[in-house]
Amino acid sequence: MEVEIIKTDIHPLLKSYIPVAEGIAKTFGDFCEVVLHDFTDVSSSIVAIFNGSVTSRGIGSPVTNLGLEILRKGEDGENMLINYANTLINQKKVKSSSILIRDPENEVIGCICINLDLTYLDMSKKVLEGVMSTISEKEKKEEFSPSINDLEDQIINEAISKVGKPIPLMQKEDREIFISYLDEKGLFLIKGAVQKVANMMNISKFTLYNYIDKSN
204 MEVEIIKTDI HPLLKSYIPV AEGIAKTFGD FCEVVLHDFT DVSSSIVAIF NGSVTSRGIG
264 SPVTNLGLEI LRKGEDGENM LINYANTLIN QKKVKSSSIL IRDPENEVIG CICINLDLTY
324 LDMSKKVLEG VMSTISEKEK KEEFSPSIND LEDQIINEAI SKVGKPIPLM QKEDREIFIS
384 YLDEKGLFLI KGAVQKVANM MNISKFTLYN YIDKSN
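In our numbering, each residue carries its 1-based index in the sequence shown increased by 203.
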């Protein structure tokens with residue numbers, strides 16, 4: 204089993220989940236990646252990872268776009284997403300589950316994510332169909348970005364596609380849709396993202412915050 208060096212300066216409650224993550228990884232073997240995220244800093248949220256070769260990530264890698272979306276919903280969100288399908292950039296098929304970790308005040312402080320590589324299991328699909336089944340027929344699009352900048356750009360490009368026109372040509376209504384999408388996806392939880400988007404739109408941070416307030 205591949206084991207990354209584990210950060211020591213993490214929330215005590217999160218630290219108690221490290222043996223759980225390690226136990227899951229050892230139970231299922233090298234094709235099962237188990238990740239512990241600390242949402243204190245979403246730009247380098249991975250604080251413990253076992254069998255990281257499944258998604259080619261390591262300690263200090265950022266949260267995924269789905270993780271940002273879950274964090275954005277906070278208390279109103281689900282406590283877990285179980286058995287959803289993912290396709291990585293290299294077309295590897297994985298089955299994923301994400302379980303939120305909350306503190307005594309019910310704030311989301313992190314999560315455990317399990318990513319099961321189906322490459323070898325797919326060869327025995329008929330025998331292992333029960334193991335491989337996913338709850339949702341619709342595949343969720345989760346980006347395993349190598350850096351926080353890549354994740355930001357991915358979310359911004361999705362928002363531009365949703366509006367259907369480049370930022371310089373966006374009218375007021377277009378900008379409202381654009382910023383509302385970014386806020387919904389949790390982009391502004393990333394340090395420096397507000398200034399980055401304001402610069403791209405050639406507006407002040409104050410104006411951008413007004414758009415964000417209007418979308419909520």
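For glycine and all other residues, C-beta sits at the position ideal for the given N, C-alpha and C.
Span of the alpha helix (DSSP H), counted from its first residue to its last, around residue i
{"i": "F409", "result": "408 to 418"}
{"i": "N402", "result": "396 to 404"}
{"i": "F381", "result": "375 to 387"}
{"i": "N352", "result": "351 to 366"}
{"i": "K229", "result": "221 to 231"}
{"i": "N268", "result": "268 to 276"}
Beta-carbon separation (whole angstroms), residue i vs residue j, contact threshold 8 Å
{"i": "P265", "j": "I351", "result": "4 Å"}
{"i": "L271", "j": "L392", "result": "6 Å"}
{"i": "E346", "j": "N268", "result": "5 Å"}
{"i": "S383", "j": "S407", "result": "Incorrect: roughly 18 Å between the Cβ atoms, too far for contact."}
{"i": "I273", "j": "S299", "result": "Not confirmed; about 12 Å, so no contact."}
{"i": "R305", "j": "V297", "result": "With 8 Å as the limit, R305 and V297 do not qualify as a contact, their Cβ atoms being about 25 Å apart."}
{"i": "Y414", "j": "E376", "result": "At roughly 11 Å, the Cβ-Cβ gap does not stay under 8 Å, so Y414 and E376 are not in contact."}
Opening and closing residue of the beta strand (DSSP E) in which residue i lies
{"i": "K218", "result": "Per DSSP, K218 belongs to no beta strand (DSSP E); it is in the alpha helix (DSSP H), 215 to 218."}
{"i": "F253", "result": "249 to 253"}
{"i": "T290", "result": "283 to 290"}
Paired residues, beta bridge with residue i - DSSP
{"i": "I317", "result": "V237, S300"}
{"i": "V311", "result": "R305"}
Cβ-Cβ distance between residue i and residue j below 8 Å
{"i": "V238", "j": "I227", "result": "no"}
{"i": "L217", "j": "G313", "result": "yes"}
{"i": "K394", "j": "S259", "result": "no"}
Buried or exposed by the 16-neighbour rule on C-beta atoms within 10 Å, applied to residue i
{"i": "F438", "result": "Any answer about residue 438 is impossible in this case: the structure gives the chain only from 204 up to 419."}
{"i": "D416", "result": "exposed"}
{"i": "D320", "result": "buried"}
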